[in-house]
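Trainee:
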Amino acid sequence: MDAKDEPGGGHGGPPPARVAVTPAAAELLRRLGLAHGALMFHQSGGCCDGSAPMCFPVGEFRTGASDVLVGTLEIPGVPRPVEFWMAAAQFERWRHTHLTVDVVPGRGSGFSLEAPEGVRFLIRSRLLDDDELRRLDGADPGRRADQHRPAP
Amino acid sequence: MTRYANPGTEGALMGYRARYDHWIGGAYVPPARGRYFENPSPVTGKPFTEVARGTAEDVEAALDAAHAAAPAWGRTPPAERALLLHRIADRMEEHLTELAVAETWDNGKPVRETLAADIPLAIDHFRYFAGAIRAQEGSLAELDDDTVAYHFHEPLGVVGQIIPWNFPILMATWKLAPALAAGNAVVLKPAEQTPASIHHWLSLVADLIPPGVLNIVNGFGVEAGKPLASSPRVAKVAFTGETTTGRLIMQYASENLIPVTLELGGKSPNLFFDDISAAHDDFYDKALEGFTLFALNQGEVCTCPSRALIGSGHYREFLDAAVERTGRIAQGHPLDTDTMIGAQASNDQLEKILSYLDIGRQEGAKVLIGGERARLDGELADGYYVLPTILEGHNAMRVFQEEIFGPVVAVTSFDGFDDAVKIANDTLYGLGAGVWTRDGATAYRAGRAIQAGRVWTNCYHAYPAHAAFGGYKQSGIGRENHKMMLDHYQQTKNLLVSYAPKALGLF
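Going line by line, the protein sequences match chains A and B.
With numbering that gives the first Met the number 0 applied, the first sequence has no gaps in its numbers, which climb one by one up to 151 at the end.
With numbering that gives the first Met the number 0 applied, the second sequence has no gaps in its numbers, which climb one by one up to 506 at the end.
Okay, structure coming up:
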């Protein structure tokens, strides 16, 4: 997969990223950013359109103490980094996997911004390897929302 | 077998119009911004109609119509409201087969299910709430010799309802029937994946419904759903969907201080205790069918029994039989009554399912059957089909923890009662569960121990009206499908009345 990981170094550097974005998803985020301003993701669980990332204008969806900031996507051409959030309880069940935000032709998506474009964000996953797991779970157990608020 | 003709073709029972506008105030109204979106059938992947792409202006117009209609509708006698619901049910029954065909074409599900479940259940649901509202009584409390507290049920006024795509007509009915029975006017937004079948339903019943009592605004969640859910002009929002949007709707509701009911999905365990295999009789056969019900509606059910937990005493034998049974699921044209599994509702739904099959394999889940997209021929070649899939693994895998919403069941074993309940409850969700055993005490104790709003016991996927349906944990708030849903659409008015002639004597 043509995923472009966030910057993140080797041993001794910053921990590896938990979330990445494909070039197609990055291009869509650039377009959505022009129309809607700063963006964020919250990974949904459950029914129908769930188990998929929801893209909102920053501030539209209130994250709180029950959420974890899983990663921050730095995308050229998108002025503000795109934060990727998930409910903490869900993160506990996903934390052994690396997530890549992709996009596919599609239709509905809750209140996610991309649906009217005829496309849908989608998560592709792979297992974190032993080295990534050791470095991530040592250094970054996922920041809780109450420890990290998005800048206004 | 019967193979119904595709809608709009020669010999078809029904046809869709080329375009659907919004239904506002008892008439079709074009979208304020003049935009439409194409609606493909999952059966073929090809568009068959276009639908109004609603925005806040359209929602406001619908709210205007609803507010105009609500006061008079709320004062109609319960008998009159009940009669409306009965007439809707009767009209649907007269057109049951064509409604089933319409629903299959919009959603992709097999017509044998829409004929046997979706439409008959919807018909009965209207009748149930017709009866429930006739039988509903307020209460009075005689507080002392001269003081009486009267409790009246009053409608909320105008409510917003956001409908999912997995049972478009039935889920709309679950929300509409109690809301209308209770005397509310409704603004309803169908799912953008399945926006059309409700309009065919409307074409059959529109003449029965007073203008403005039901308004339908189509469109995308972010463009039409959000203005509805966040409007200060709705007294309640009902939503079926997923957790993040559920939270967002609660957030909007908190801004307006209004109640919500939410149904948000699950990862339902289906428990098969050892004693099932004590005999290979009718009950054993029923239990195997109960396992295979993960493929009902292509697995696109909030309560899909997507985790099968099988007792270790009969694990391999029962699982082998379940794999064999699953292998007999007939996949084919959804309008063929022999077809047991149809198309997933949308392309992104198909892609999501495939992405879960991928991570399931990476995590070491063993594919016992299926595990890939189904490639069908002819006009079905571009439809969204997945093979019924059994994955064997353990409960910490992502495929055991997240709702895939496809025909995929994740299977593991348990050792004894306590282990069964522990695995069953090791999930974020609590909507449905199944318990299969020949022992009544085991069934009772398991049913009470599982943290889920509905525990099917020696059955699964039955949705009769008069059995409350709703979630524990992150599966939602409220109980549909039961007369208690009337409470979710009503206010309580208390008149506290003194019949005493004398002053209090305080002033």
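From the three backbone atoms N, C-alpha and C, an ideal C-beta is built for every residue, glycine too.
As the structure is a computational prediction, the values presented were derived from the model and not from experiment.
Of all the options B:146, B:248, B:366, B:280, which has the alpha carbon lying nearest to the alpha carbon of residue 111 of chain A?
Mentor: As a first step, residue 111 of chain A is located in the first sequence; it is residue number 112 there, counting from the start. Looking at the Cα atoms, B:248 is the closest of the given residues.
Trainee: Do residue 310 of chain B and residue 271 of chain B have their C-beta atoms within less than 8 Å of each other?
Mentor: As a first step, residue 310 of chain B must be located in the second sequence, where it is residue number 311. As a first step, residue 271 of chain B must be located in the second sequence, where it is residue number 272. Their beta carbons are under 8 Å apart, which means residue 310 of chain B touches residue 271 of chain B by this criterion.
Trainee: Using three-state DSSP, classify residue 419 of chain B as helix, strand or coil.
Mentor: Within the second sequence, residue 419 of chain B is the residue found at index 420, counting from 1. Residue state, collapsed to three classes: helix.
Trainee: Mind checking residue 179 of chain B: buried by the 16 CB within 10 Å criterion, or exposed?
Mentor: Sequence index remark: in the second sequence, residue 179 of chain B carries index 180 (1-based). Classification for residue 179 of chain B: buried.
Trainee: Mark residue 94 of chain B as exposed unless 16 or more other C-beta atoms lie within 10 angstroms of its C-beta, in which case mark it buried.
Mentor: Translated into positions along the second sequence, residue 94 of chain B becomes position 95. Counting Cβ neighbours within 10 Å, residue 94 of chain B comes out buried, since at least 16 surround it.
Trainee: Tell me which same chain residues have a C-beta within less than 8 Å of the C-beta of residue 485 of chain B, skipping the five on either side of it?
Mentor: As a working mapping, residue 485 of chain B is identified with position 486 in the second sequence. Here the set comprises 128, 131, 132, 135, 152, 177, 180, 181.
Trainee: State yes or no: is the beta carbon of residue 13 of chain A nearer than 8 Å to at least one beta carbon in chain B?
Mentor: Against the first sequence, residue 13 of chain A aligns to sequence position 14. Residue 13 of chain A does not count as touching chain B.
Trainee: Across which residues does DSSP place residue 104 of chain A in a beta bridge pair?
Mentor: Position 105 of the first sequence holds residue 104 of chain A. Beta-bridge pairing links residue 104 of chain A to A:118.
Trainee: Judging by CA-CA distance, which residue of A:78, A:61, A:74, A:108 is the nearest neighbour of residue 85 of chain A?
Mentor: Sequence index remark: in the first sequence, residue 85 of chain A carries index 86 (1-based). The option with the nearest alpha carbon to residue 85 of chain A is A:61.
Trainee: For the region 359 to 401 of chain B, which segments carrying the beta strand (DSSP E) assignment without a break, of at least 3 residues, lie completely within its bounds, in sequence order?
Mentor: 365 to 368, 388 to 391
Trainee: Distance, Cα to Cα, residue 86 of chain B vs residue 207 of chain B?
Mentor: Locating residue 86 of chain B in the second sequence gives position 87, where the first residue counts as 1. Locating residue 207 of chain B in the second sequence gives position 208, where the first residue counts as 1. Distance between the alpha carbons of residue 86 of chain B and residue 207 of chain B: 7 Å.
Trainee: By the 8 Å beta-carbon criterion, what residues does the region 380 to 412 of chain B contribute toward chain A?
Mentor: 395, 397, 400, 401, 402, 403, 404
Trainee: For my contact list, residue 466 of chain B and residue 481 of chain B are in at a C-beta cut-off of 8 Å; report their separation, rounded to the angstrom.
Mentor: Against the second sequence, residue 466 of chain B aligns to sequence position 467. Against the second sequence, residue 481 of chain B aligns to sequence position 482. Rounded, the Cβ-Cβ distance is 7 Å, consistent with contact.
Trainee: Could you name the residues of chain B that residue 83 of chain A contacts, counting a contact when the two beta carbons are closer than 9 Å?
Mentor: Taking the first sequence and counting its residues from 1, one reaches residue 83 of chain A at position 84. Here the premise fails: no neighbours, minimum Cβ distance about 12 Å.
Trainee: Scan the region 97 to 119 of chain A for residues whose Cβ lies nearer than 7 Å to a Cβ of chain B and list them as they occur along the chain.
Mentor: 103, 104, 105, 106, 107, 108, 109, 110, 111, 112, 114, 115, 119
Trainee: For residue 279 of chain B, does the count of other Cβ atoms within 10 angstroms reach 16, so buried, or fall short, so exposed?
Mentor: Start at 1 with the first residue of the second sequence, and residue 279 of chain B comes out as number 280. Classification for residue 279 of chain B: exposed.
Trainee: Quick one: give me the first and last residue of the alpha helix (DSSP H) that residue 35 of chain A is part of.
Mentor: Within the first sequence, the letter at position 36 stands for residue 35 of chain A. Residue 35 of chain A -> alpha helix (DSSP H) spans 22 to 35.
Trainee: Is residue 19 of chain B buried or exposed, if buried means 16 or more other CB atoms sit within 10 Å of its CB?
Mentor: Residue mapping note: residue 19 of chain B aligns to position 20 of the second sequence, counting from 1. For residue 19 of chain B, the number of other beta carbons within 10 angstroms of its own is at least 16, and it is reported as buried.
Trainee: Go to residue 227 of chain B, then tell me how far its alpha helix (DSSP H) extends in each direction, as first and last residue.
Mentor: Against the second sequence, residue 227 of chain B aligns to sequence position 228. Its alpha helix (DSSP H) spans residues 225 to 228.
Trainee: Note down, in chain order, every chain A residue with its Cβ under 7 Å from the Cβ of residue 346 of chain B.
Mentor: On the second sequence, position 347 is the one that residue 346 of chain B refers to. Simply 103, 104, 105.
Trainee: So does the region 181 to 195 of chain B actually touch the region 147 to 167 of chain B, counting three or more Cβ pairs closer than 8 Å?
Mentor: Here the region 181 to 195 of chain B lies against the region 147 to 167 of chain B, with 3 or more beta-carbon pairs under 8 Å apart.
Trainee: Would you tell me roughly how many angstroms separate the C-alpha atoms of residue 77 of chain A and residue 113 of chain A, rounded to the nearest one?
Mentor: In the first sequence, counting from the first residue as 1, residue 77 of chain A sits at position 78. In the first sequence, counting from the first residue as 1, residue 113 of chain A sits at position 114. Cα to Cα, the separation comes out at about 15 Å.
Trainee: Mind listing, in chain order, the continuous alpha helix (DSSP H) runs of no fewer than 4 residues lying wholly within the region 436 to 488 of chain B?
Mentor: DSSP runs (the alpha helix (DSSP H)) wholly in the region 436 to 488 of chain B: 439 to 448, 484 to 487.
Trainee: Please state the DSSP three-state secondary structure of residue 269 of chain B.
Mentor: Position 270 of the second sequence, counted from the first residue, corresponds to residue 269 of chain B. Looking at residue 269 of chain B - three-state DSSP - the assignment turns out to be strand.
Trainee: Which of the three DSSP states, helix, strand or coil, is assigned to residue 91 of chain B?
Mentor: Translated into positions along the second sequence, residue 91 of chain B becomes position 92. It is helical.
Trainee: Determine whether the Cβ of residue 48 of chain A lies closer than 8 Å to any Cβ atom of chain B.
Mentor: Counted from its first residue, the first sequence places residue 48 of chain A at position 49. Taking Cβ atoms only, chain B reaches closer than 8 Å to residue 48 of chain A, which makes this a yes.
Trainee: Do residue 445 of chain B and residue 267 of chain B count as a contact pair if the criterion is CB distance below 8 Å?
Mentor: Taking the second sequence and counting its residues from 1, the one referred to as residue 267 of chain B is at position 268. Taking the second sequence and counting its residues from 1, the one referred to as residue 445 of chain B is at position 446. Not in contact: residue 267 of chain B and residue 445 of chain B (Cβ atoms no closer than 8 Å).
Trainee: Could you tell me which of B:491, B:504, B:45, B:99 sits nearest to residue 3 of chain B, measuring between CA atoms?
Mentor: Stepping through the second sequence from its first residue, residue 3 of chain B is reached at position 4. It is B:99.
Trainee: Using only CA atoms, which one of B:149, B:434, B:24 lies nearest to residue 491 of chain B?
Mentor: Position 492 of the second sequence, counted from the first residue, corresponds to residue 491 of chain B. For the residues B:149, B:434, B:24, the minimum Cα distance to residue 491 of chain B belongs to B:149.
Trainee: What's the C-alpha gap between residue 497 of chain B and residue 160 of chain B?
Mentor: Translated into the one-based positions of the second sequence, residue 497 of chain B becomes position 498. Translated into the one-based positions of the second sequence, residue 160 of chain B becomes position 161. Annotation: residue 497 of chain B to residue 160 of chain B spans about 40 Å, alpha carbon to alpha carbon.
Trainee: Ignoring anything shorter than 3 residues or poking outside the region 133 to 215 of chain B, list the beta strand (DSSP E) runs there in chain order.
Mentor: At a cut-off of 3 residues, the continuous stretches assigned as beta strand (DSSP E) that sit fully inside the region 133 to 215 of chain B are 138 to 143, 146 to 154, 157 to 161, 184 to 188, 213 to 215.
Trainee: Buried or exposed, going by whether 16 or more other CB atoms sit within 10 Å of the CB of residue 54 of chain B?
Mentor: What you label residue 54 of chain B is simply residue 55 of the second sequence in a count that begins at 1. Result: buried.
Trainee: Taking contact to mean 3 or more Cβ pairs, one atom from each stretch, closer than 8 Å, check whether the region 79 to 98 of chain A and the region 218 to 230 of chain B are in contact.
Mentor: Too few Cβ pairs lie closer than 8 Å, so no.
Trainee: Residue 50 of chain A: buried (16+ other C-beta within 10 angstroms of its C-beta) or exposed?
Mentor: As a position in the first sequence, residue 50 of chain A is number 51, starting the count at 1. Burial is judged here by how many other beta carbons sit within 10 angstroms of a residue's own beta carbon; residue 50 of chain A has at least 16 and is buried.
Trainee: Can you list, in chain order, the residues of its chain with a C-beta nearer than 8 Å to that of residue 392 of chain B? Leave out the 5 residues immediately preceding and following it.
Mentor: For the purposes of this step, residue 392 of chain B is taken as the residue at position 393 of the second sequence. Only 359, 362, 363, 364, 365, 398, 399, 409, 410, 411 meet the Cβ criterion.
Trainee: Residue 60 of chain A CB to nearest chain B CB: under 8 Å?
Mentor: The residue you call residue 60 of chain A lines up with position 61 of the first sequence. Yes, because at least one Cβ of chain B sits closer than 8 Å to the Cβ of residue 60 of chain A.
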